[in-house]
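*Asks:* Numbering (the UniProt record's numbering), first residue to last: 1 to 143.
Below is a structure I'd like to ask you about.
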């Protein structure tokens with residue numbers, strides 16, 4: 001009986017420590033505006049002169065986990081058709097998704113929360129202005 005109890009306690013301890021480790025890792029990831037490297041992603045796009053190609057590469061590394069580019073629903077709003085659209089906000093107001101709104105949403109995502117979506121997006125203020133402009137160019141191309 002004590003062996004069974006010891007085994008159960010060991011499994012429980014491993015589970016708790018694993019969960020805590022994931023929470024800490026997730027917190028660090030979001031606080032640093034981290035990215036998840038995509039296996040097989042094309043790094044040559046980052047040397048392209050086309051802002052849309054560079055923006056697509058940034059999207060696949062930084063945004064695709066939470067935002068779709070095909071209209072499907074994910075944790076955050078889809079990027080398809082977003083640029084130039086009227087976005088309903090949590091406070092009851094609306095905003096047009098132009099360069100200024102998208103830039104603010106990337107660097108200060110808590111400034112204006114989209115209605116129906118959680119306040120979960122981390123800040124990507126560590127992206128350069130060029131990266132942000134390229135990402136916006138990519139979003140704009142998804143009309």
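Backbone N, C-alpha and C fix where the C-beta goes; we use that ideal spot for every residue, glycine too.
Bear in mind that the values here come from a model prediction, so they are computed numbers and not experimental data.
(1) Just to confirm before moving on: does the CB-CB distance between residue 84 and residue 98 stay below 8 Å?
(2) Around the C-beta of residue 105, are 16 or more other C-beta atoms found within 10 angstroms, so that it is buried, or is it exposed?
(3) What does the alpha-carbon distance come out to for the pair residue 56 and residue 4?
(4) Could you spell out the range, first to last residue, of the beta strand (DSSP E) harbouring residue 53?
(5) With a CB to CB cut of under 6 Å and the five nearest residues on each side skipped, what residues in its chain are close to residue 79?
(6) Answer yes or no: do residue 62 and residue 134 have a C-beta to C-beta separation smaller than 8 Å?
(7) Does DSSP put residue 47 in a helix, a strand or coil?
*Replies:* For this structure:
(1) yes
(2) buried
(3) 53 Å
(4) Segment 51-58 is the alpha helix (DSSP H) holding residue 53; no beta strand (DSSP E) there.
(5) Only 67, 69, 139 and 142 meet the Cβ criterion.
(6) no
(7) helix
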